[in-house]
Structures are given as structure tokens and as C-alpha cells.
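Novice: Numbering-wise (the UniProt record's numbering), the sequence shown opens with residue 1 and increments by one.
Note that beta-carbon positions come from the ideal geometry of N, C-alpha and C, so glycine has one too.
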Amino acid sequence: MSESEPLDQDRLSASLDNSQRAVRDLRDGAHAAVHGAPGSGKTHTLTEVVADRIITRGYPTDDVVVLAADRRSATALRDTLALRIDRPTRGPLARTLGSMAFSFVTAAAVADGVTVPRLLTGADQDTILADLLAGEVEDEGAAWPESLGPDVRALGGFRTELRELMMRLVETRTRPAELARLGHQHERPEWVAAAAFIARYEHVMDQYSQPRLDAAEVIAEATTLLREGRVSAPRLIIVDDFQEQGPGTLGFLAAAAAAGSTILAFGDPDVASATFRGSDPAALSGLNLILGAPVETFTLTQVHRHGPELRAVITELSDRVGAAGRVEHRRAASVLPAQPAPAADTSGDDATPSTEQSATPPADSAADNPVGQASGVAAQAPVHPADEPQRGPWKVPPTLPVVRIRATSPAAEQQAIARMLRERHVYHGVPWSQMAIVVRSSASIPVLARALAMADVPTSAETAGEALRDRYAARALILALAVALERIPVTAARYTELLLGPLGGFDGIGLRRLRRALRHEELLGGGHRGSDELLIEALAAPGRFATLDTPGARRAMRFAETLAQVRAGYAAGNSAEELAWIVWDRSGLEKTWTTQLGQGGLLAEEANTNLDAAVALFTAAKRAAERDPDADAGIFIDSLLEADLGEDSLAPRARGEAVWIGTPSAVVGREFDVVVAARVQAGAWPNLQLRGALLYPQLFSQVVAGLPTTLLDARAELLSDELRLFVLACSRARTQLVVSTTDGDDEQPSPFLRFPTLDGAPVRTGTGEYPLTLRGMVGALRRRLVRAHEAGRPEEAAEAASLLARLSDEGIAGASPDSWYGLAEPSTTDPLVDLKDPDARVRVSPSRMEAFEKSPLNWFIEDVARPPSTVAAGIGTIIHEAFERAGMIPADQITAADIAPERLWEHVSERWGELRFEAPWLAQRERAGVDEALVGVAAYLSDALRAGNVVLSTEGGFRLEVGQIIIGGSIDRIERRPATGEDTEPVIVIIDLKTGRSIPTQKSMLTHAQLSAYQLALTRGAVYTEVPDEAAAAEASTGAAADAPVAAHVAPLADSPVDASTEAPVAPVAAPAEPAVRRHPITGRSGGAMLLYVRTPTVKAYAERVQEVQTEEELAAFEERVETVGTGMAAATFVGVFGEGEHDPLTRLTYRIHLIAAVSE
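#1: If you draw a straight line from the C-alpha of Ala156 to the C-alpha of Arg691, how long is it?
#2: Keeping to the same chain, check which residues put their C-beta closer than 6 Å to that of Asp532; ignore five residues upstream and five downstream.
#3: How would you call Phe917, buried or exposed, if buried means at least 16 neighbouring beta carbons within 10 angstroms?
#4: I want to know whether the stretch 673-688 touches the stretch 715-730 - three or more CB-CB distances under 8 Å.
#5: Count the other C-beta atoms from every protein chain shown that fall within 10 angstroms of the C-beta of Glu982, then say buried if there are 16 or more, exposed otherwise.
#6: So who's on the other strand from Glu1104, going by DSSP bridges?
#7: In the DSSP output, what is Gln1002 paired with across the bridge?
#8: Ser409: which of Ala678, Val1109, Ala222, Arg977 sits nearest, CA to CA?
#9: If you follow the alpha helix (DSSP H) that Phe559 is part of, which residue opens it and which one closes it?
#10: State the Cα-Cα distance for the pair Val402 and Arg764, rounded to the nearest angstrom.
#11: I'd like the list of long-range same chain contacts for Ile966, defined as Cβ closer than 6 Å, with 5 residues on each side in sequence excluded.
#12: Determine which residues share a DSSP beta bridge with Ser1086 and list them.
#13: Could you say which of Arg424, Ile509, Arg450, Asn574 lies nearest to Leu485 if we only look at CA atoms?
#14: Can you confirm whether the stretch 521-532 touches the stretch 566-586 when touching is taken to mean that 3 or more C-beta pairs between the two stretches lie within less than 8 Å?
#15: Less than 8 Å between the beta carbons of Arg927 and His907, yes or no?
#16: At a cut of 8 Å, does the stretch 436-443 reach the stretch 659-666 through at least three beta carbon pairs?
#17: Does DSSP put Asp70 in a helix, a strand or coil?
#18: Can you tell me which of the three DSSP states Asp214 falls into?
#19: Ignoring anything shorter than 3 residues, give me the beta strand (DSSP E) runs that lie fully in the stretch 914-945, in order along the chain.
#20: Can you give me the Cβ contacts of Pro756 inside the same chain, cut-off strictly under 8 Å, excluding the 5 residues immediately before and after it?
#21: To the nearest angstrom, report how far apart Gly229 and Leu253 are at their CA atoms.
#22: Output needed for Thr1083: all residues of its chain with C-beta closer than 7 Å, excluding positions within five of it in sequence on either side, in chain order.
#23: Mind checking Gly98: buried by the 16 CB within 10 Å criterion, or exposed?
#24: Grab the span of the alpha helix (DSSP H) containing Asp585 for me, first residue to last.
#25: Would you report the Cα separation of Met888 and Leu1115, rounded to the nearest angstrom?
#26: Whole angstroms is fine: what's the gap from Val871's alpha carbon to Arg793's?
#27: Alpha carbons only, please: which of Leu603, Pro1000, Thr223 is nearest the one belonging to Ala453?
#28: Per DSSP, Tyr1024 forms a beta bridge with which residues?
#29: Looking only at its own chain, which residues have a Cβ that is under 6 Å from the Cβ of Ala69, when we skip the five neighbours before and after it?
#30: My assumption, with CB atoms under 8 Å, is that Leu1091 sits in contact with Asp992. Please give the rounded CB distance.
#31: For Arg487 versus Leu641, is the C-beta spacing smaller than 8 Å?
#32: Could you tell me the distance, in whole angstroms, from the CA atom of Thr710 to the CA atom of Leu699?
#33: Check whether the stretch 216-224 and the stretch 101-113 are in contact - that is, three or more C-beta pairs closer than 8 Å.
#34: If we call anything under 8 Å between Cβ atoms a contact, is Leu1018 one with Ile988?
#35: Taking Cβ positions, are Ala815 and Asp126 nearer each other than 8 Å?
#36: Report the three-state DSSP secondary structure of Ser847 (helix, strand or coil).
The following block contains the structure:
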């Protein structure tokens, strides 16, 4: 009904049945308890009672108030009442008890001229408790039982129970001393310790200049004010969902009744969801005892929400709930007609429904139309896949009142739920917002929400209790503010998180390029600082990025400017809301996420969630400013960082169509066309794990109430509570209830499914024949097109192509062949190097020859489309550097201490800080590996020293032309070894250091390309050392330079420099102060080459894989091999080759994605 449409009072009154009308006509001043089964119209009756009292009987609107169970229900009921009453009011007609009680307390404080108390939220109280508990650990003065040690008391669950116990003390007006006495009496040392802690907590709270009261204390204070006559109560108080109210509410109502208020309570004890928080399902039947006055009892006799099939399920479930007073309401009958039984199975959309159902899906929009036609275009019957048998005419699947889903895995269950919801939406036109999924545990919500988003089912998930700092978008904003204001330590890890988040907009590769650019600039200036230190410095001073002309640097500079503006705003006294707006406004995320909302799927779901989180943050900042306008913005940021609980917020949320997902307690007062009770598993629903096993708040309430605790069956009560939650979830359905479960090796269905009405319900089998998402339809049609074309069925192929064309005309992603993978023309067909040009040369690295021979595609991806360097490569670099520096010591000066592992670690430690590890434990693990490698290096160097080996070069090089191929690179170490045996001449041995663990066989050394290249270069005189000019002059006069080991420059680690114009890796740059060098050839008799492995699985510290001296014939054959490889590397086409099974490098995704057929299936 629109607001401009006149209200027909007679029509609204006529909508009441006789039992509802009896409640409306209750005489003035009479208290009443109204029992009603789910869907019996309790809220509707309540609305008509309010309308009758105000419109017909003339009650002033200020004399009527409706109390709802929570803020959401109060907001919805407020709107309903406002439309029904259709007249102005001075305040809301519906509110929570906490809201009304706080208004009483505030009014009394103003009248008394004292400071108005501040409401202490659950999140604020939790933070205070955490601080006090942590202080106890530091002071070592707490006397908690051994079972509640410091680790337990640091848990959020412990604080939750502590707040629960404190609330029950307030509700029962029990002082800490009395709690301690009860603890001694009932042998509960937990209560004795908690009493002492609560006393300290109260002392701390008393120190605040402005009184701070939590929700329970506010209600208790308001109750006291009513009893003392210091505030006046409304003439009529109506309580909706009375079964959700706790002892504090009951005491308040008793005080209000004594003060002259009339109490009307509406409820159903069979769907109580707050019993674990102290609500009493039997309170409705015992209302006369609570109020101390006569109470008239009414029972609503008709159910208007759902038909007899669903009503039978709810009745059967309710009958098994432990009785809590009157049970006559369970016999209420549905007034709706039964649905006709379908003449088909439930195997999805290939079931044959009744002939009354339409075969044309509703044309809501292009986003929900499975064939993508525009509005007004007739739907064409879907074409059956070529590989499936033809079926009869396609019909819309039926709607069954009760359906079960029994899946073999959680993923299959999620897919089946998504499929069923899409069927109801697409085939039957049920709006997304009229469907809900109820799960027992909130931990299942994000998993389900993500799975449904992947299936293009929009969802709206409850986030009650989730801290703002744990929500992606809000966390980014909070962290940016905290870093800018230095409320947390400013580290490279913090900046990395910000830059990789939504505010920075970097991906991993982009951030790595930025770090390399900073490092490159540092090296050019002669500095040696690591990229972490440079990143912190640059983001603290925005102008630092001005010298880096790259897109990434400009993006980082804008973010740095944002942080600077936040600091300036804070210095100017801006509020937290204003500072957050600076970050939000400059980020551009509003436009980005708003655009993503219209794209559907997971992207839209995440954008929606992010926008909700951002709005919630601004709402929290606004509320904080309203509570304390002079508070420092930094204090608000601190509170968000410390809070483990989220505040109960009514921040605006996206109102788009979405399936609601939540727990039973969050579905109180709601109803939907379709309800899915999901993940109904044994051990999860019912969850029979006893609550409050740390501080026993439930037991405390039973003791105070005088109940025989030794005779109570806690698990029986818990089972009834779990069944109440299940009844609550199932009873929200208007037309269809779906109960889903997983039945596999690890999970079994809940015993709740053994109830006959559920056990006998049809089981949905199958997932339907046709995709009900645009993405799925596009994929199915593309698959059908390819298969039909390959099978020579032109008619079927043409039909699939026609449907794809229609989808393409509607702008559906993936439908147009222009976007299909592999169909675009190559950007170039030219070879990498044109060998027709006689001056052209191909550079070949000997270490990459075998990779090319195994798979040219593998080589191309790793060398031409080079992936980012890894930490492992950086570790290898610094170990090589330690190996090199040990070899630079002249032979007549080197000692055992120079090559000991401890000395080698000193070389490594100089650059260890330049490595970036994702976690401390990774650094520790890699450090252990480095220690192992250095032991191997030291062992080899010691053996070489004892053998009299002389180092001729470390990190020397070679360059050899073979036709148009240039093969070259660096050599880790070249030694001249003394003659042995019959040899009278020393030999030269080339050594390549390996830091990996994979050691090849000795047999494979015969054809090892890298070692063969070294021997070829040595034989051809192409191996050299780089000698400074001064040394070259000395060599000319002495001829002794060949024995002096010479090293190349130091290369950067993973943060290697980049070309500022292209952001592509470039060669390391030597320090400007180094003198010019010249190349001096190394010649002599070859003694072969070897690989030196310093991390071995054996007892020996190192392993050698030796390639014997090659003959001239072998060297000539290798030259031909070089020419073949070089020619292949210069080509225009590179073939992917398989052949190593599961160990084939091409099985990695990096390579596999390049081997997918052009149009995939």
C-alpha cells in the first residue's frame, strides 16, 4: 500500500478472524497474554489493537508503546504502525525496551540536574573487560581457578560468558558479594573469582566523570525509577515476541503494571530463540505471576501464513518441543487451501509439472532471463544438448510445499540450493528478497554467501556481532587512518597491506615493481637500504615518488598524499568522520564499487558487502561524535582496532533484491515465500554442546530462581531449545520449505529429519537440465556449438549460434565470438630474431638450453614472459655472494677461519635484511636452510684449500659465437688444481654452485648443457675474468694476473631494479665509483666441469656431479646442439611438450593455461 493511498479502516478490521477480533476488543485496563502459532497473525492483531486504541478509543499516541525484540524488528514495526495509524506522533510507536528505558533514565537525570549517563555498548564493554583481564595477568593478582588460566581468559568466548553473567547479576539485582557466597555454597570457584573481578570492574566504571551504563543496567535503572514513581509509564505497553524477553524486561513490565500501565503480551513459546540469554518460554503463560495481577489469556486459532502442508510440519515439530505453559495454540489450523499434488518427480527443471503452470519464464530483466531475450520477445524453448537424449516438451517445474535436498558434499548442497532458488526466481517470478536461507551457525553464512554469489544468486548476509575491523572495506579505511595518525606501529607490512588493499589498488606484481624502482634509485645514488625502509620513507613524504615516472609510482604518490591530508586534518581538529571521508573521497572506490554492483555475480556481491561496510564505518563515526563531540579522533580509531565485537547498527544497507541469509535468532518477526533450512547436520543442528561451560551463567539463573538444579536435565532442555530454533526457521515459510543436508562419509543428516512430515517429503534429485544463469547459458551454448560443429550437425550448430547472437545483442558477457579465448588474430607473426639478417644474433643462456629442449613453450614463458623473482632466488644470490667473497681471498692469505660457516654467515647477514618474508616462521625455516647450505660451502672450501686448489676467477664470464648464436653467461668459480697421478700439468676445473635440493644423476652429466658450454668456452679461449685497468697494467709487466681471483659486481636480490619507462627488469647497475675493467682470458688444460650441491640428503655436507673432459668430437656435436637451440629460440612459434607425467613443469597452471584449446569446453 502506498502512503498516498487512503486507508480503508473497515476493510482492515474485517481482515481479522474471530480470535484476533476478541483480542482487539479487549476492555481497557485489562492485562492480556496472547498465544499464537507461527503465522497466526500476532503482529497483524497487535497492529489492529494499536489502531483501535488510538483511532477508535481515542488514546493519545504518547500513551501507547509497542516493544519489539530488537532494533530491526522495532524499525519494521514502526513503519507498519505509522502507515496504519496515519497520523503524526511525537515519537516512535514501536521501540526496543532498551531505547525506552534509556529515555526514562535520561529524563530523570535532566530533571535531577545530574550528568546524563552514557550508554555502554557491548563492543565498548568487551574492550574494557579485555583491558582489565590483561591487566590482571600482568599484575599476577587474580585468583581465578586453574581451569580458567590466562590463555582462557584472553578468549573472546570467556568475555562473552563474563558479560552474560554480569547481565544476569544486574537483572536479578545480585551483588558481587552474594555471587561469591553462592559460589562457595555451590562449590563454584569460578563465581567467587568472577565476583572479585566484577567488584573491580564496578570500581573502575565508577571513576568515569560521566556515568556509563550497559543495556542491562539501563533497564534496571529505569525499573527502579518506575517503582519510585520518578517517571511515568505509558498507559498501554504491548510486547511483541514476548518469548524473546529476559528477566530484566519482566521486572520492568511488573514495575510498569504496578505504576498503572496495561500490559498486552503476544508470543509463542515454541519459537523462543533467546533462552541461552535468559529468556523464559514459560513467562507468557505465567504473566499473571510476573505482573501480580489478573491476566486474560487468548489463543489465536487460525494460521494465515502457509497452507496445511507446511502447517502439518510446524505442528509436528512444535509437539515435540518441551511444553512451556499453554499449548492450545499448537492446534491452530491453516485457513489456506492445500496445494494440488504435482504429477511429477522432483529432479529439477526436467520434471513434468501440472498443466496449469506456464512454460514461459518471467521476463524480469536481461540479468535473470535464461535466454537473454529483451522484454516483449517471446521465449524460445531451450535446445537439448547434443549428448543427451531428447525429452518431451519443456515445462516449468512445480512448487512443492516441502522439499528435501540430500547432497553428497557441502559443495553439492550449495549448488542444489542455488539451483532451486534460481528456479523459483526465474520460473515462478519469486523476488530474491522473498527467499531466505537459515543456518544454525553464523560460521556457515560467508561460505554460503560466496557459493551463491558464484551461482549468480545475490545475497544479503547478517553481520551482527562482526567487528568493523574484520570487514574488508572498513578495515582498509581504519588501517589507513591508524597508520596516518600513528595509532599503530608504522611498518612495511602495514604499508604493504594498505597498498595491496582497495585503497592502494596495487596487485602483487605492481607492488614488486614499485619496490624495485625505489631500490634501483637507491643503488644509483650509492645507497644500500632495503626496499622496506625505502617504502616507509616514501609513503611518509609524498614528494619522494616524484622522481619515479611510472604509473605505480603515481598511484603510490596519490595514496601518500591522502595520508598526508589525513594528518593535516587531524592537526586541524577534524572529527573521525571527516578524516574517514578524506580517505574515502580520494580513493574513488564509491564509483568503482557502484559500477560493479550492476555487473552481477560474485563481483557485485563483494561490492555490495564493501559498500555496506563503508557505510557502517561512517555511521559508527557519526554516533561516536554524537556521544562525545569533543572526543579525539584517534581514540575512536583505537576503539575500532581493539573491539572484538561489532555494534548493533542500523546503518543503511543496500536495498537491492537479494536472498537473505542468517541464523534463527535473526529471523524473528520475518516471513518469506521460500525458506531454506540449510546445513541441517547431525552435531550441528541440534547442537547439544552445553553453553556457558566456563562461568555457568545459566546455572546461576537457576540457582537464584530456586530451581532444583540437581534434578534438571540440562541436555533435555538444550534439545528443546534447539528444536525451538528449528521450528522458528521452518515456520518463516509462506509457500515452500526446503530442508537441505549433506549425507556423506564425514557428515550425516540431523535427527530432526526423521520426523515423518520431513522424512516423507520429496527429495530433490538432480540439478536440472538447463542453466539458469546467463554465464551458464553462454557456456552451454558455446559447448553445444563446438560439439555440433565437430560432429557435423550444422542445424544444431546454427541454432546454438543463433541463440548466442541474441545473447550478444543484449550485451551478455562471453556471448560474442570477439571475446572468445584464442580466436583473436596474433599481434605479430614475426620471429623473435630474424636470422635472415646476417648481422642478427641470438643470445643463448646455457642454463636454459635444456628447458628449451624439453618444452619451447616452457622456455618462452619463463624467459621471455619472465615471472617475478622469488625469495628462494634471492637466498641463492646471497649464498653465491658468500661463496664468491671467500674465493676472492688470495691463496697465500686465506685461513680456515675465513671459510668457516660463521664467517660465511657474516657475509650473508649483510644482505639478509633485504629479503622479504610473508611470515616470521618462513624466515626461520629459510634461515635453517641457509645454515645447511653454508655448512656445505664451508666443507667444500676446506677440502679445496687442503688440496691446494687455486681460485682463478669468481663470478667470471664467457662469450662464444657459434654462427649467429651467442652463448654466454657467468661462471661461479674457476679453479686450477694441482697435477695428480701420472699428470704432470695442472688442470682447470669450472664449478657451478647449486643451492637447490634436487640433485641429478651422474649419468645425466654426460650431456649436461651448462657444463658442456663451459668446457666448449674454455677450449675455445672464450672464458675470461674482468680485471681492473691497474691490474691489467701490472699483468703486462709481470704476467701474474691470471692467479688473482677477480669478482664481478654485487647483484640486487628479489628487489632488482626496473627500467622506469617500461617497468621491466633491467640488468643490475654497478656502483659509479668502481673503476673501469678489461677482460682477461683464462687458458689452460681443461680438467672438466662440475656441479657443486651444498644441500644434500646424505651425511656428506656437499655433493659433486662431474662432467669429464669432453673430446673434440663431443664439443663439435655440442656446437651443433647450440645452433639448433638458438635457431629454435629465434622462431615465431613455440610448442608445448608433455612427457614427464605429474612432475612435468607444464602441469603447473602457469603453463597449462597456454595449452587450453582456442574455444574451451
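Specialist: In this structure, then:
#1: Looking up residue 156 in the sequence shown gives position 156. Looking up residue 691 in the sequence shown gives position 691. Just to set this straight, residue 156 is Gly in the shown sequence, not Ala. So the alpha carbons of these two residues sit roughly 14 Å apart.
#2: To locate residue 532, count along the sequence shown from 1; it is residue 532. Closer than 6 Å at the Cβ level, and outside the excluded window around Asp532, lie Ala492.
#3: In the sequence shown, residue 917 corresponds to position 917, counting from 1. Counting Cβ neighbours within 10 Å, Phe917 comes out exposed, since fewer than 16 surround it.
#4: yes
#5: Taking the sequence shown and counting its residues from 1, one reaches residue 982 at position 982. By the 10 Å Cβ count, Glu982 comes out exposed.
#6: Position 1104 of the sequence shown, counted from the start, is the residue given in the question as residue 1104. BP columns for Glu1104 point to Leu1092.
#7: The residue you call residue 1002 lines up with position 1002 of the sequence shown. DSSP lists no partner for Gln1002.
#8: For this step, residue 409 is matched to residue 409 along the sequence shown. When each option's Cα is compared against that of Ser409, the closest is Ala678.
#9: Working through the sequence shown from its first residue, we reach residue 559 at position 559. Phe559 -> alpha helix (DSSP H) spans 551-571.
#10: Indexing the sequence shown from 1 puts residue 402 at position 402. Indexing the sequence shown from 1 puts residue 764 at position 764. Spanning the two alpha carbons is a distance of roughly 10 Å.
#11: Within the sequence shown, numbered from 1, the residue matching residue 966 stands at position 966. Within the same chain, Ile966 has close Cβ partners Arg841, Arg843.
#12: To locate residue 1086, count along the sequence shown from 1; it is residue 1086. Answer is Ile988, bridged to Ser1086.
#13: Start at 1 with the first residue of the sequence shown, and residue 485 comes out as number 485. Of the candidates Arg424, Ile509, Arg450, Asn574, the one whose C-alpha sits nearest the C-alpha of Leu485 is Asn574.
#14: Counting Cβ pairs under 8 Å, fewer than three are found: no touch.
#15: Here residue 927 refers to the residue found at position 927 when the sequence shown is read from its first residue. Here residue 907 refers to the residue found at position 907 when the sequence shown is read from its first residue. No, they are not a contact pair.
#16: Contact holds: three or more Cβ-Cβ distances are below 8 Å.
#17: Walking along the sequence shown from the start, residue 70 turns up at place 70. Note: Asp70 maps to coil in three-state DSSP.
#18: As a working mapping, residue 214 is identified with position 214 in the sequence shown. In this structure, Asp214 counts as coil in the three-state DSSP scheme.
#19: List check, beta strand (DSSP E) in window: nothing returned.
#20: One-based indexing of the sequence shown puts residue 756 at position 756. Correct list, in chain order: Glu316.
#21: As a working note, residue 229 is residue 229 in the sequence shown. As a working note, residue 253 is residue 253 in the sequence shown. If I take the Cα positions, the gap works out to 14 Å.
#22: In the sequence shown, residue 1083 corresponds to position 1083, counting from 1. Result list for Thr1083: Gly1021, in chain order.
#23: Within the sequence shown, numbered from 1, the residue matching residue 98 stands at position 98. The C-beta of Gly98 has 16 or more other C-beta atoms within 10 Å across all chains shown, which makes the residue buried.
#24: If you number the sequence shown from 1, residue 585 lands on position 585. Start and end: 576-587.
#25: Looking up residue 888 in the sequence shown gives position 888. Looking up residue 1115 in the sequence shown gives position 1115. About 31 Å.
#26: As a position in the sequence shown, residue 871 is number 871, starting the count at 1. As a position in the sequence shown, residue 793 is number 793, starting the count at 1. Near 54 Å, if we compare the C-alpha coordinates of Arg793 and Val871.
#27: Taking the sequence shown and counting its residues from 1, one reaches residue 453 at position 453. Of Leu603, Pro1000, Thr223, the residue nearest in Cα terms is Leu603.
#28: Translated into positions along the sequence shown, residue 1024 becomes position 1024. BP columns for Tyr1024 point to Gly957, Pro1081.
#29: On the sequence shown, residue 69 is found 69 positions in, with the first residue counted as 1. Taken in chain order, the residues that qualify are Asp241, Glu244, Val668.
#30: For this step, residue 1091 is matched to residue 1091 along the sequence shown. For this step, residue 992 is matched to residue 992 along the sequence shown. About 5 Å; that satisfies the 8 Å criterion.
#31: On the sequence shown, residue 487 is found 487 positions in, with the first residue counted as 1. On the sequence shown, residue 641 is found 641 positions in, with the first residue counted as 1. Closer than 8 Å, so yes.
#32: By one-based count along the sequence shown, residue 710 stands at place 710. By one-based count along the sequence shown, residue 699 stands at place 699. Distance between the alpha carbons of Thr710 and Leu699 is about 10 Å.
#33: yes
#34: What you label residue 1018 is simply residue 1018 of the sequence shown in a count that begins at 1. What you label residue 988 is simply residue 988 of the sequence shown in a count that begins at 1. Going by C-beta atoms, Leu1018 is nearer than 8 Å to Ile988.
#35: Taking the first residue of the sequence shown as 1, we reach residue 815 at position 815. Taking the first residue of the sequence shown as 1, we reach residue 126 at position 126. By the CB criterion at 8 Å, Ala815 and Asp126 fall outside the cutoff.
#36: Here the question's residue 847 lines up with position 847 in the sequence shown. In the structure shown, Ser847 sits in a helix (DSSP, three-state: H, G or I).
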